[in-house]
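Here's the structure, in structure tokens; my notes come after.
Number of protein chains: 2
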Amino acid sequence: MAHEDRRLAVLRAIVEDYVATREPVGSKALVERHKLGVSPATVRNDMAVLEEEGLIAQPHTSAGRIPTDKGYRLFVDRLTRLKPMSSAERRAIASFLEGAHDLDDVINRSVRLLAQLTQQVAIVQYPTLARSTVRHIEVVALTPSRLLLVLILSTGRVEQRLVELPVELTDDDVADLRSRLNRAAMGERITDAVSALAALPQQVGETSTPTSLVVASLVEAMSNHRSDERVVVGGTANLARFGEGFESAIKPMLEALEEHVVLLKLLGEATSPSTVTVRIGAEGPYEELSRTSVVATGYGPFDEPVGSLGIVGPTRMDYPGSMAAVRAVARYVSTILDESRS
Amino acid sequence: MAHEDRRLAVLRAIVEDYVATREPVGSKALVERHKLGVSPATVRNDMAVLEEEGLIAQPHTSAGRIPTDKGYRLFVDRLTRLKPMSSAERRAIASFLEGAHDLDDVINRSVRLLAQLTQQVAIVQYPTLARSTVRHIEVVALTPSRLLLVLILSTGRVEQRLVELPVELTDDDVADLRSRLNRAAMGERITDAVSALAALPQQVGETSTPTSLVVASLVEAMSNHRSDERVVVGGTANLARFGEGFESAIKPMLEALEEHVVLLKLLGEATSPSTVTVRIGAEGPYEELSRTSVVATGYGPFDEPVGSLGIVGPTRMDYPGSMAAVRAVARYVSTILDESRS
DNA sequence: ATTGGCACTCGGGAAAGTTGAGTGCCAAGG
DNA sequence: CCTTGGCACTCAACTTTCCCGAGTGCCAAT
Numbered sequence: 133m134a135h136e137d138r139r140l141a142v143l144r145a146i147v148e149d150y151v152a153t154r155e156p157v158g159s160k161a162l163v164e165r166h167k168l169g170v171s172p173a174t175v176r177n178d179m180a181v182l183e184e185e186g187l188i189a190q191p192h193t194s195a196g197r198i199p200t201d202k203g204y205r206l207f208v209d210r211l212t213r214l215k216p217m218s219s220a221e222r223r224a225i226a227s228f229l230e231g232a233h234d235l236d237d238v239i240n241r242s243v244r245l246l247a248q249l250t251q252q253v254a255i256v257q258y259p260t261l262a263r264s265t266v267r268h269i270e271v272v273a274l275t276p277s278r279l280l281l282v283l284i285l286s287t288g289r290v291e292q293r294l295v296e297l298p299v300e301l302t303d304d305d306v307a308d309l310r311s312r313l314n315r316a317a318m319g320e321r322i323t324d325a326v327s328a329l330a331a332l333p334q335q336v337g338e339t340s341t342p343t344s345l346v347v348a349s350l351v352e353a354m355s356n357h358r359s360d361e362r363v364v365v366g367g368t369a370n371l372a373r374f375g376e377g378f379e380s381a382i383k384p385m386l387e388a389l390e391e392h393v394v395l396l397k398l399l400g401e402a403t404s405p406s407t408v409t410v411r412i413g414a415e416g417p418y419e420e421l422s423r424t425s426v427v428a429t430g431y432g433p434f435d436e437p438v439g440s441l442g443i444v445g446p447t448r449m450d451y452p453g454s455m456a457a458v459r460a461v462a463r464y465v466s467t468i469l470d471e472s473r474s
Numbered sequence: 133m134a135h136e137d138r139r140l141a142v143l144r145a146i147v148e149d150y151v152a153t154r155e156p157v158g159s160k161a162l163v164e165r166h167k168l169g170v171s172p173a174t175v176r177n178d179m180a181v182l183e184e185e186g187l188i189a190q191p192h193t194s195a196g197r198i199p200t201d202k203g204y205r206l207f208v209d210r211l212t213r214l215k216p217m218s219s220a221e222r223r224a225i226a227s228f229l230e231g232a233h234d235l236d237d238v239i240n241r242s243v244r245l246l247a248q249l250t251q252q253v254a255i256v257q258y259p260t261l262a263r264s265t266v267r268h269i270e271v272v273a274l275t276p277s278r279l280l281l282v283l284i285l286s287t288g289r290v291e292q293r294l295v296e297l298p299v300e301l302t303d304d305d306v307a308d309l310r311s312r313l314n315r316a317a318m319g320e321r322i323t324d325a326v327s328a329l330a331a332l333p334q335q336v337g338e339t340s341t342p343t344s345l346v347v348a349s350l351v352e353a354m355s356n357h358r359s360d361e362r363v364v365v366g367g368t369a370n371l372a373r374f375g376e377g378f379e380s381a382i383k384p385m386l387e388a389l390e391e392h393v394v395l396l397k398l399l400g401e402a403t404s405p406s407t408v409t410v411r412i413g414a415e416g417p418y419e420e421l422s423r424t425s426v427v428a429t430g431y432g433p434f435d436e437p438v439g440s441l442g443i444v445g446p447t448r449m450d451y452p453g454s455m456a457a458v459r460a461v462a463r464y465v466s467t468i469l470d471e472s473r474s
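As given, the protein sequences belong to chains A and B, one line each in that order. According to our numbering, the first sequence is numbered sequentially starting from 133. According to our numbering, the second sequence is numbered sequentially starting from 133.
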């Protein structure tokens, strides 16, 4: 139907205006700002229908309409044409990220960049251990009975563990241990490395104490959930900008941002690098965040995502813009990581 | 003079009440809540004097008094008796921090702890590189021409650097390099290690390219300012609690918290572990933070501080409590670090 | 020096009034 | 059957006015 189309156009207009002005939008203002080719009265009729469908609502009787969560949902699902980044923006992104060398740098720059592009709070997850492969295991004897294990992964991540041994090792023991560990685990995926390592002690058939202790510690480091939970947050100052009636939501936001577990859960839904996932308001599991939305995606080689990144902001946000920015940054991060892996 | 003493008592009472109630305190309320043994009229006279001295002020003519920055200053300098932590608190701190193993853990737990104890925003700086000694340098060949340098320091910090070489190295070359580097730098302080390393290439008199590249990279890692700038922030959610008229200050706060350089500058004044430094309001260099105070101290062995930690909050804060908490946490962190260094 | 008394100030909350954007509905016109 | 201009109605939010009472400064008495 022709009417159906126009109603959607009206919805889109409402969303766009509301996002831009932060104020309920009325029929008159709508026809003025968008050339809809119909009169306010007609728009009012359409609005009535949209309201019946639960896509928009009025804060109070004599006010304009604002989109509901459902309205935003429909908007992002069907009415959003991803606006490509301007070439200036592309260049800015590229040059900003290319200055980075080590992993920390890439991650930190990404958060800042994303926060700046979207003017929202940005979240970037460190590459998960699960997907990466072991590049090297270093064993350093701090004292004869105290070892520092350094685990170097393909993504550039470095994990460290201290092990206290009940016996003293000679330098040769250490060198032997190192080479055995590396022979078993190098190049393997974490999961495979874990099993390969687990098989080690028996294989060698020595007095298993030191080796098994070391292995246990390594396995622990590899399956360490805490490390998998590493995320970096940036652009918190943008929270203040939300202001104007959003104050009540700011506290739960700040709390969530400190709870990295929560953040990971929010990001967790979006692992595929090929899609940008949007969670709107109360769609998520957290009551307190019912007025915030999350725009996220995965990064890494697209058949094998290694992490997620995204932004968090009020439900009233610029979805097309955010989605474009999130996607763009994710792509660049993917490329950079890929280069450094070569 | 006897009057002098009472006036100070009045100032203390004003500070305490204002901190507790967040509201300007009047003469009548004062005598009711504190047994000063004098009448409101007398207190009013004292107040007039205090106001003349610039220690207190009235927001508007017919209101109670609030302390000025100068008033707080005098309060913390002369009227604060550090209240010791309760033994329950001590135990809580100890058990909370003792669960930590690696350095990251200690730092992260400390921030949380400090934020929780003070109900303010907490900042903890990573141990500076400058003071630590080199424990081990690991060289890993990722490809024949690509080295990963891992620098392990006495504080448990691990720095990594990638080096691209114009030539290819054999495993023996790498092993040789590693042992030479370690012989030169191990056990040295960063500063000494830098010079020792710088002397290396000539000493050996080889075609200096790979070695000097590696050395340059190591030196860079050691003098890396970015790493020295590492700070962790926690308890941001407490910002929301400040609320009620403090909203205008919340944005600059959030901004400052993202600018780690700023934070370091704030902490930088307080490096000695034996003193707790307090910066009140406009005493600091940042215009925007004129309504916030910093309570900080150094940690580490007291003759050789390795880092600082502290809290940031509104000028209207519980100074005695904050100072006690900051000091307590700094002490525990010092102990823990000391143990793990043994 | 301290204190009770007293006139004065003034921020801020309650009550009342005003405005105008926005709505829903209806009847007329394509 | 959809669109449109007209119209009466609603109600949040702003402005104005009013009032109260906490708090002050000053003074005269002790």
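The C-beta atom is built at its ideal place from N, Cα and C for all residues, glycine as well. Nothing here was measured: the structure is a model prediction, and the numbers come from that model.
Unbroken beta strand (DSSP E) run spanning residue i, endpoints
i, result
"A:A254", "V253 to Q257"
"A:A232", "Per DSSP, A:A232 belongs to no beta strand (DSSP E) and is neither H nor E."
"A:L285", "R278 to L285"
"B:V163", "Careful: B:V163 lies outside any beta strand (DSSP E), inside the alpha helix (DSSP H) at S159 to R165."
"A:G366", "V363 to G366"
"B:V408", "V408 to R411"
Inter-residue spacing [alpha-carbon to alpha-carbon] between residue i and residue j
i, j, result
"B:V181", "B:G366", "41 Å"
"B:S171", "B:R139", "13 Å"
"B:V336", "B:S277", "The pLDDT assigned to B:V336 is 49, lower than 50, so where the model puts this residue is not dependable; a value taken from the coordinates is nonetheless given after this. Answer to the nearest angstrom: the Cα atoms are 21 Å apart."
"A:V238", "A:L285", "16 Å"
"A:I322", "A:A254", "28 Å"
"B:L332", "B:A316", "8 Å"
"B:R205", "B:E164", "25 Å"
"A:E185", "A:K202", "9 Å"
"B:I247", "B:P342", "It is Ala, not Ile, that sits at residue 247 of chain B in the sequence shown. Distance between the alpha carbons of B:A247 and B:P342: 47 Å."
"A:E471", "A:S344", "36 Å"
Terminal residues of the alpha helix (DSSP H) in which residue i lies
i, result
"B:E291", "Note, B:E291: premise wrong, no alpha helix (DSSP H); beta strand (DSSP E) at V290 to E296."
"B:E379", "E379 to E390"
"A:E419", "From DSSP, A:E419 is part of no alpha helix (DSSP H); its letter is neither H nor E."
"A:R373", "N370 to F374"
"B:V175", "P172 to E184"
"B:R310", "D303 to A317"
Residue i and residue j closer than 9 Å at C-beta
i, j, result
"B:V458", "B:I468", "no"
"B:V266", "B:E352", "no"
"A:A372", "A:R222", "no"
"B:S404", "B:G439", "no"
"A:T409", "A:A428", "yes"
"A:M217", "A:I269", "no"
"A:L235", "A:M354", "no"
"B:V347", "B:L313", "yes"
"A:L214", "A:L143", "no"
"B:L399", "B:S349", "no"
"A:V175", "A:S194", "no"
"B:V290", "B:L279", "no"
Helix, strand or coil at residue i [DSSP, three-state]
i, result
"A:R197", "strand"
"A:Q335", "With a pLDDT of only 49 at A:Q335, under the threshold of 50, the placement of this residue in the model should not be trusted; the figure read from the coordinates follows. Helix."
"B:R138", "helix"
"B:T260", "coil"
"B:P216", "coil"
"A:S352", "According to the sequence displayed, residue 352 of chain A carries Glu and not Ser. Reduced to three states, the DSSP call for A:E352 is helix."
"A:R154", "coil"
"A:I269", "strand"
"B:S344", "helix"
"B:A402", "coil"
"A:L168", "coil"
"B:P477", "As shown, chain B starts at 133 and ends at 474. That puts residue 477 of chain B outside it, with no answer to give."
"A:H357", "Annotation note: pLDDT 47 at A:H357 (below 50); position unreliable, coordinate value reported separately. Residue state, collapsed to three classes: helix."
For residue i: DSSP bridge partner residues
i, result
"A:S440", "A:G430"
"B:I146", "Beta-bridge pairing links B:I146 to no other residue."
"A:R321", "A:T265"
"A:T467", "Beta-bridge pairing links A:T467 to no other residue."
"B:S242", "For B:S242, which the question treats as bridged, DSSP gives no partner whatsoever."
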